[in-house]
Amino acid sequence: MTAFSGNWFQRRSARRKAAAEAYGRLLTHALAPVHYVASGVPDTFGGRAGMVTILTSLACDRISRLGGPDAARIIERLDTLVLDGFDAAYREKGVGDASIARKVRKLAQNHAGLGKALFAALQESESPGQTARIADVLRRNGVVAATRAVSMATILLGMQARLARQSDEEILHGRLEWTSNAPTQG
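Numbering (the working numbering), first residue to last: 876 to 1061.
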């Protein structure tokens, strides 16, 4: 008989709590009106899903910089929560069971594609042309209008810098503090 360490269960529970906390904060910020009013993200189901994916990429970038198996598992759990959230959002919209799997699969593919491209661009921190590369990812994926892509990329780099200033302890507990340089409507 194999014995399980109580520590393993405690760490697993802590990772789940951290991912849930990070997801809740991420979702609250992703759905904030400023992104749709001032930053040029379309206020549509797809635009909101794109904003969730953008913030997920930022969160995964910061968590991955911690390294180690706990960080990897938090990232995996966070991504699962995001995909489950997409499924729940479709169900709330009243999408029928017959088509929901297809729609969620397509959204998950878009999430993965945008997420990987943005994550790669974010990993090149402070390299020349990083803002332009991020703007290109946003433009190619239709997250924002072409005229707003550079502005949004600059906002994302500000968020990345804010997350980088947070302690590793805060990040490991999912306490991601989102800030935005987005202009206020005036």
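Ideal Cβ positions, reconstructed from N, Cα and C, are used throughout, including at glycine.
Note that the structure is a prediction, hence the values are computed from the model and not measured.
query, result
"From Q1005, T903, V970, residue whose alpha carbon lies closest to that of G1033", "Q1005"
"Backbone secondary structure at Q998 - three-state DSSP", "helix"
"Separation of T928 from H904, as counted between CA atoms", "12 Å"
"Distance between beta carbons of L1051 and A889, contact taken as under 8 Å", "Actually they do not touch by this definition, with Cβ atoms about 16 Å apart."
"Option in S939, F961, G943 with minimal Cα separation from A976", "F961"
"Helix, strand or coil at V957 according to DSSP, with G and I counted as helix", "helix"
"Rounded straight-line distance, which links the Cα of D954 to that of S914", "24 Å"
"Neighbour-count burial assignment, S932, 16 or more Cβ in a 10 Å radius", "buried"
"G943 versus G925 - alpha carbon distance", "28 Å"
"Straight-line gap, R948 to A987 (C-alpha atoms, nearest Å)", "17 Å"
"Simplified DSSP assignment, three categories, for E1052", "coil"
"Selected residue, minimal CA-CA separation from R980, among L902, Q1035, V957, A995", "V957"
"Meets three-Cβ-pair contact criterion under 8 Å: the region 1008-1028 and the region 1038-1046", "no"
"Cα-Cα separation between H1048 and A1036, rounded to whole angstroms", "18 Å"
"Rounded straight-line distance, which links the Cα of I1009 to that of A992", "9 Å"
"Exposed unless 16 or more other CB atoms sit within 10 angstroms - verdict on A894", "buried"
"Assigned secondary structure, A907 (DSSP; H/G/I helix, E/B strand, else coil)", "coil"
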